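Chemist:
Protein chains: 2
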Amino acid sequence: MTDKMNVLWIMADQLRFDYLSCYGHPHLQTPHIDGLARRGVRFTNAYVQSPICGPSRMSSYTGRYCHSHGSTWNGIPLRVGEPTLGDHLREIGVRPALVGKTHMVADTKGMEWLGIDPGSTIGVTRAECGFEPFERDDGLHPYGPYDPHPEYDEFLRRHGYNSENPWEDFANSGKGEDGELLSAWLLKYSNLPANIPEELSETPYMVGRAIDFMREADDRPWLCHLSLIKPHWPYIVPAPYHSMYGLEHIIPPVRAQAEKETGHPVFMAYQRSRICRAFSRDEVRERVIPAYMGLIKQIDDQMGRLFAFMEQQGLMQNTLIAFTSDHGDYLGDHWMGEKELFHEPSVKVPLIIVDPRAAADVTRGQVRDELVEAIDLAPTFLAAFGGKPKPHILEGRDLTPLLQHRETPPNWRRYAISEYDYAVREARKFLGIAQEDARLIMARDARYKYVHAEGFRPMLFDLEADPGELKDLGTDLAFADVRERMAQAINVWARRHHNKITVTRERIEMMSSGEPRGIVIGVWDEADYADKYGRSFETRKLLGKPT
Amino acid sequence: MTDKMNVLWIMADQLRFDYLSCYGHPHLQTPHIDGLARRGVRFTNAYVQSPICGPSRMSSYTGRYCHSHGSTWNGIPLRVGEPTLGDHLREIGVRPALVGKTHMVADTKGMEWLGIDPGSTIGVTRAECGFEPFERDDGLHPYGPYDPHPEYDEFLRRHGYNSENPWEDFANSGKGEDGELLSAWLLKYSNLPANIPEELSETPYMVGRAIDFMREADDRPWLCHLSLIKPHWPYIVPAPYHSMYGLEHIIPPVRAQAEKETGHPVFMAYQRSRICRAFSRDEVRERVIPAYMGLIKQIDDQMGRLFAFMEQQGLMQNTLIAFTSDHGDYLGDHWMGEKELFHEPSVKVPLIIVDPRAAADVTRGQVRDELVEAIDLAPTFLAAFGGKPKPHILEGRDLTPLLQHRETPPNWRRYAISEYDYAVREARKFLGIAQEDARLIMARDARYKYVHAEGFRPMLFDLEADPGELKDLGTDLAFADVRERMAQAINVWARRHHNKITVTRERIEMMSSGEPRGIVIGVWDEADYADKYGRSFETRKLLGKPT
Chain A
300 MTDKMNVLWI MADQLRFDYL SCYGHPHLQT PHIDGLARRG VRFTNAYVQS
350 PICGPSRMSS YTGRYCHSHG STWNGIPLRV GEPTLGDHLR EIGVRPALVG
400 KTHMVADTKG MEWLGIDPGS TIGVTRAECG FEPFERDDGL HPYGPYDPHP
450 EYDEFLRRHG YNSENPWEDF ANSGKGEDGE LLSAWLLKYS NLPANIPEEL
500 SETPYMVGRA IDFMREADDR PWLCHLSLIK PHWPYIVPAP YHSMYGLEHI
550 IPPVRAQAEK ETGHPVFMAY QRSRICRAFS RDEVRERVIP AYMGLIKQID
600 DQMGRLFAFM EQQGLMQNTL IAFTSDHGDY LGDHWMGEKE LFHEPSVKVP
650 LIIVDPRAAA DVTRGQVRDE LVEAIDLAPT FLAAFGGKPK PHILEGRDLT
700 PLLQHRETPP NWRRYAISEY DYAVREARKF LGIAQEDARL IMARDARYKY
750 VHAEGFRPML FDLEADPGEL KDLGTDLAFA DVRERMAQAI NVWARRHHNK
800 ITVTRERIEM MSSGEPRGIV IGVWDEADYA DKYGRSFETR KLLGKPT
Chain B
300 MTDKMNVLWI MADQLRFDYL SCYGHPHLQT PHIDGLARRG VRFTNAYVQS
350 PICGPSRMSS YTGRYCHSHG STWNGIPLRV GEPTLGDHLR EIGVRPALVG
400 KTHMVADTKG MEWLGIDPGS TIGVTRAECG FEPFERDDGL HPYGPYDPHP
450 EYDEFLRRHG YNSENPWEDF ANSGKGEDGE LLSAWLLKYS NLPANIPEEL
500 SETPYMVGRA IDFMREADDR PWLCHLSLIK PHWPYIVPAP YHSMYGLEHI
550 IPPVRAQAEK ETGHPVFMAY QRSRICRAFS RDEVRERVIP AYMGLIKQID
600 DQMGRLFAFM EQQGLMQNTL IAFTSDHGDY LGDHWMGEKE LFHEPSVKVP
650 LIIVDPRAAA DVTRGQVRDE LVEAIDLAPT FLAAFGGKPK PHILEGRDLT
700 PLLQHRETPP NWRRYAISEY DYAVREARKF LGIAQEDARL IMARDARYKY
750 VHAEGFRPML FDLEADPGEL KDLGTDLAFA DVRERMAQAI NVWARRHHNK
800 ITVTRERIEM MSSGEPRGIV IGVWDEADYA DKYGRSFETR KLLGKPT
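From first to last, the protein sequence lines stand for chains A and B. 300 is the number of the first residue of the first sequence in my numbering; add one for each residue after it. 300 is the number of the first residue of the second sequence in my numbering; add one for each residue after it.
#1: Name the residues in the stretch 361-392 of chain B whose C-beta lies less than 8 Å from a C-beta of chain A; which are they?
#2: At the level of alpha carbons, what is the spacing between Gly593/A and Leu739/B?
#3: Between Pro350/B and the rest of its own chain, which residues show a CB-CB distance below 8 Å, the 5 nearest in sequence each way excluded?
#4: What does the alpha-carbon distance come out to for the pair Phe760/A and Ala793/A?
#5: So with Cβ pairs under 8 Å, would you call Leu739/A a contact of chain B?
#6: Can you round the beta-carbon distance between Ala577/A and Ile535/A to whole angstroms, since I take them to be within the 8 Å contact cut?
#7: Would you be able to state if there are at least three C-beta pairs under 8 Å between the stretch 752-759 of chain A and the stretch 728-743 of chain A?
#8: By a C-beta neighbour count over all protein chains shown, 10 Å radius and 16 as the cutoff for buried, is Glu515/B buried or exposed?
#9: Can you find the residues in the same chain that come closer than 7 Å, C-beta to C-beta, to Lys831/B, ignoring five residues on each side of it along the sequence?
#10: Who are the near neighbours of Val339/B in its chain, counting only those whose CB is closer than 6 Å to its CB and skipping five residues on each side?
#11: May I ask you to report which of helix, strand or coil DSSP gives Ala826/B?
#12: Measure the Cβ-Cβ separation of Glu694/A and Tyr346/A and say whether it is below 8 Å.
#13: Within the same chain, show all residues whose beta-carbon is closer than 7 Å to that of Pro533/B, passing over the 5 residues directly before and after it, in chain order.
#14: Tell me the residue span of the beta strand (DSSP E) that contains Arg584/B.
#15: Indicate whether the contact test is met: 3 or more Cβ pairs, each with one atom in the stretch 794-812 of chain B and one in the stretch 761-772 of chain B, closer than 8 Å.
#16: What span of residues does the alpha helix (DSSP H) with Ala509/A cover, start to end?
#17: Report yes or no: do the stretch 567-587 of chain B and the stretch 807-823 of chain A share at least 3 C-beta pairs separated by less than 8 Å?
#18: Over what stretch of residues does the beta strand (DSSP E) that includes Gln665/B continue unbroken?
#19: Let's see if you can read the secondary structure: which residues bound the alpha helix (DSSP H) around Glu453/B?
#20: Could you pull the start and end residues of the beta strand (DSSP E) that Cys575/B belongs to?
#21: In chain A, what lies closer than 7 Å to Thr838/B by C-beta?
#22: So that I know if they touch, is there some Cβ in chain B lying closer than 8 Å to that of Asp824/A?
#23: Please tell me whether Thr343/A has its Cβ less than 8 Å away from any Cβ of chain B.
#24: Bridge partners of Ser472/B, per DSSP?
#25: Is the stretch 601-619 of chain A in contact with the stretch 763-777 of chain A, if contact means three or more CB pairs nearer than 8 Å?
#26: Quick check: what's the CA-CA separation for Ala786/B versus Lys748/B?
#27: What separation, rounded to the nearest whole angstrom, lies between the Cα atoms of Phe342/B and Trp634/B?
#28: Can you tell me the Cα-Cα spacing of Ser320/B and Ala336/B, whole angstroms?
#29: Thinking just about the alpha-carbon of each residue, which of Gly374/A, Gln348/A, Asp668/A, His331/A is nearest to the one in Asp599/A?
#30: Which two residues bound the contiguous alpha helix (DSSP H) that contains Val565/A?
#31: For Gln734/B, would you say it is in contact with chain A, using Cβ-to-Cβ distances shorter than 8 Å as the test?
#32: For the alpha helix (DSSP H) that contains Ser462/A, what are its first and last residues?
#33: Could you please tell me which residues of the stretch 572-583 of chain A, in chain order, have their CB closer than 9 Å to any CB of chain B?
#34: In whole angstroms, give me the CA-to-CA distance for Met357/B and Asp406/B.
#35: Helix or strand or just coil, what does DSSP make of Arg425/B?
#36: With DSSP run on the structure shown, which of helix, strand or coil describes Tyr318/A?
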């Protein structure tokens, strides 16, 4: 093992925590990802800071809550002045490279105020949430006003897949009997093979780009954020993956009629949306889930390819590998599609970390149930590179103690927090509330999950008695104490300083030692001064009369 | 009246709300400031966002709560990316000029991350919280590690007041019988005349600089922030002001023995400090208060000079004038010195606004008791210049309706909020608590003042029954409901979005209208698509086989 440390941070998009064999899926075998779990630590209670791409990622990339960074929905730019993991790494000589998706939108207004040229190196870095964009691809380039010019389109064209939008026409469409395109924007066609050879589809392409990065990397230690855009929709996968899973492999939905009858107003408003109505139908699940599983199987195979390459290059011994997702996918559970609310299939993610250092040998294969947040990764990576902790900026916790000791560290967090801003969603319109009131905050402790809904009653689930989260205890008198305790946990969290980020705690301690030299407050006379400072007040003579 | 609008924003430092004759002081006549009140609106319930210079000012300059901007104590740099009033004004062609104090410390680390040269125009602006520094002078340049090189020192030297530190030796010291310097850092010497002719002291100097600015101003509309450093300590004033007030003019302290017996732990910890012990002594009050009053009287006279100049230049007709302070001064009330806690003498400030527009004629001379916050000034000024409101950034309320209508606008705020971070204070050490727990949040409604103290019981005062705030109802069972209601007001405020500042509310409305064009989620087939979008799904033909 060399002194140089690297970090490979793999993030799948919209991957449920329970759709991997190491997390218990009965039919989806993911041996390469399972291999990570065998060699590292697998977390069973890892929560994202918001169950939707953009905010979740902005939290992961800054190590800060949505409440702190303010990018609370897709398309809301991350403030230009928000410090990122990339900034912290560059400071200590680490190259933070992006290969894939971030969902970042640049804060052009803020850049203008600060005179930052978007085309400059710093401008590009800001626009990529602190990363060096080795390859940026959000995996969303439909026909329409989007114009991201992804390299992937050029790649497809170079391979002869010529069209105005090869991403949509080939990688994300199937083909009908008469050769017509059948777009995977329509869920009905999710069972078709994508109109492209498997090796040219998005996951192998992006894994190949990560391999390119590692080949080309210079002597600097690096963090490579391999950010895959699958199994996120459009749900379609090339052969042979499209036909690997059938109806017999679909887990029954976790849902109950009672949920519709006693449901929370916000939950009920979501139920009215087209998405939720669609995923409540069996035919949608039956087309989508096999494709979703195929996409995951393809990722696992590509992980095999990547790890084999790294093994061969000797990178496995000095690369910390984290595998996770930005949020889950309801897939019809709780009569929901997509994500956005806080049931486990939406807000919980897989998280596996392999720490190659000998100190981590004691935890290899360990499965841990501590409450972990996605924002814990930034301080963990910073620590892996030997960076100084920055608790005044990074709000997550360094996971190194959980990677290198089998016991739970003292004073580990008691509550995991996640947030969701539904200001832009039709659920808000159904409820007829103001933008600023469209807020949800989840607190999850060892047993309960509590959801604060601004202006509405809370939701509460007892995960021990009701792991399926089918019984909302939000109004059950027997649980008033639990609700009160969890509401207070959220309030304590909300009242905290989230933006006191320009001074370290050490500096605050220094400032606590009294007024700056030369400033004297509340001192009566020379004797009082001597008593306070332990030295005489320095009386000055006039240096002569004013001239 | 011309079309061009200007704003003169006068801020005194550490000026209590009740030390002006228009606010009821029985002995201190301030006719020029009173004249503003006659011509404008005088607010009797104006609160600063933190009862200490730096955070209060950073809130005023950004229009945002301390919780939002994070500069929670003196010397904690304002984040480089925090938008300021200056940014908003420059956008619409207004020149935001600073003449005097800001207490700003530059976020050099943030500037480094963003590649901003501190010497560049933008760098200087950032380091001056958005202002163009026509003259920056924090009025604090003691002997010691500070090295601000204020122009004022050069000014004194040019007038023959030569020494290493003429600010301290002349403007802020008295002289003994043998010609020795008697520094006003020691309160005992506050009764002496400052060792300088009145016209060369700080207040006339800075008012002169504001006059220079107005003389030199070009055609652009301007906001001039005339930010005086007095009556802030060192408490000393030149002749003849040093002898204008005597013992007979000192208002008795508002304090009660009971406060010491039933006091709140944080309040009690403050009582232990040297400052509070000093200001509890009559001899300290008797030396300091006449000097403090003299400094205010001098300010009032200088206001007369300034307004006469403006009158003569025709500026009165098109200049909105706001007169306020950054916080008060206990002066021994409640056994306290300085500021920092939330009793009225500390957290309430004078606020008088003269709006020259005809629309404001209906309110001239009005005294208003609505709850007003210092952060209301930024949106008020922006509106005066015709700028678009920016409620996604500016957290205060535009006061124009209160300047131009005699009635309280519907839905005016029910709670004023102020915060205090005592992490660096010895009170925290006395209490033995962690940095991050050293937080106080005040909510003030029409009748009550509630102070949340993290980790301790709250404080509560009934300002109707007990305007002197001598009886803390923080544990009184009869007020449990009031406490609960006010605690909830603070929690609602804390949970709000404070940093979702990169998108306007209009943009959020636009985003609410559905997925971006080209993105299709939760749609089963062509018929479902047509049902959702009211048009046919555009099926594309393959443009030929892949080549």
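Even glycine gets a Cβ: it sits at the ideal position worked out from N, Cα and C. This structure is a prediction, so every number in the text was calculated from the model and none was measured.
Modeler: Working from what's here:
#1: His366, Ser367, His368, Gly369, Ser370, Thr371, Trp372, Gly374, Ile375, Pro376, Leu377, Arg378, Val379, Gly380, Glu381, Pro382, Asp386
#2: 54 Å
#3: Within the same chain, Pro350/B has close Cβ partners His626, Gly627, Lys638, Glu639, Leu640, Phe641, Ser645, Val646, Ser717, Tyr719.
#4: 21 Å
#5: no
#6: No, Ala577/A and Ile535/A are not in contact; Cβ-Cβ is about 16 Å, not under 8 Å.
#7: yes
#8: exposed
#9: Val822
#10: According to the sequence as given, residue 339/B is Gly; it is not Val. Closer than 6 Å at the Cβ level, and outside the excluded window around Gly339/B, lie Ile651, Ile652, Val653.
#11: helix
#12: no
#13: Asn471, Ala483, Trp484
#14: Counting along the chain, Arg584/B falls outside any beta strand (DSSP E), though it belongs to the alpha helix (DSSP H) covering 581-611.
#15: Remark: fewer than three beta-carbon pairs, one from each stretch, lie closer than 8 Å, so the stretch 794-812 of chain B and the stretch 761-772 of chain B are not flagged as touching.
#16: 501-515
#17: yes
#18: 665-667
#19: 450-457
#20: No beta strand (DSSP E) holds Cys575/B; the alpha helix (DSSP H) holding it covers 573-578.
#21: Glu479, Leu480
#22: Any Cβ of chain B closer than 8 Å to the Cβ of Asp824/A would place that residue at the interface, and such an atom is present.
#23: Judged by the 8 Å Cβ criterion, Thr343/A is not in contact with chain B.
#24: Answer by DSSP bridge pairing, in chain order: Ser482/B.
#25: no
#26: 11 Å
#27: 27 Å
#28: 10 Å
#29: His331/A
#30: For Val565/A, the uninterrupted alpha helix (DSSP H) segment begins and ends at 564-570.
#31: Gln734/B counts as touching chain A.
#32: Looking at the DSSP string, Ser462/A is not in any alpha helix (DSSP H), and its letter there is neither H nor E.
#33: Within the stretch 572-583 of chain A, the residues whose Cβ lies closer than 9 Å to some Cβ of chain B are Ser572, Arg573, Ile574, Cys575, Arg576, Ala577, Phe578, Arg580, Glu582, Val583, listed in chain order.
#34: 13 Å
#35: helix
#36: coil
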